[in-house]
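Per the UniProt record's numbering: the sequence shown = residues 1 to 89. By construction, the Cβ of each residue, glycine as well, lies at the ideal position given by its N, Cα and C atoms. Notes follow the structure.
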Amino acid sequence: MPDDFDIESQGDHQYVVRLEDQGETVETWFRLTPEALDKLGADDEDEEDLVRRTVTFLSKHQDVADFPDTVEIEDVIASYDDYLDYMNS
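Here it is as structure tokens:
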């Protein structure tokens with residue numbers, strides 16, 4: 001679980017996330033699509049919260065240092081069977 005992280009909107013459904021974990025800073029881009037928002041039952045106003053919850057979800061499945069440079073939310077939906085349930089809980 002990351003000790004701390006900041007989310008910064010980059011426009012066009014893109015966010016840069018800077019995570020601090022055990023003294024290490026990791027920067028990862030998160031991208032949402034309108035299709036991903038639909039699958040999550042969300043709209044544009046929910047994007048930052050979705051990114052925040054996705055960071056928390058992914059950190060339960062892998063070390064922050066292993067986060068890819070870019071996380072496509074569509075790929076997270078396709079790769080993790082429990083993601084949609086987690087996001088809707």
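Check whether residue i and residue j have beta carbons under 9 Å apart
i     : j     : result
ASN88 : GLY11 : no
ILE77 : PHE30 : no
ASP69 : GLU20 : no
ARG53 : TYR15 : no
ASP6  : VAL17 : yes
LEU32 : VAL55 : no
PHE57 : TYR83 : yes
Bounding residues of the alpha helix (DSSP H) (the contiguous stretch that carries residue i)
i     : result
GLU47 : 47-61
VAL76 : 73-79
ASP85 : 83-87
Local Cβ density within 10 Å of residue i, reported as buried at 16 or more and exposed below that
i     : result
ALA36 : buried
GLU24 : exposed
GLU8  : exposed
GLU45 : exposed
Can you list the alpha helix (DSSP H) stretches of 4 or more residues lying completely in the stretch 10-40, in chain order?
34-39
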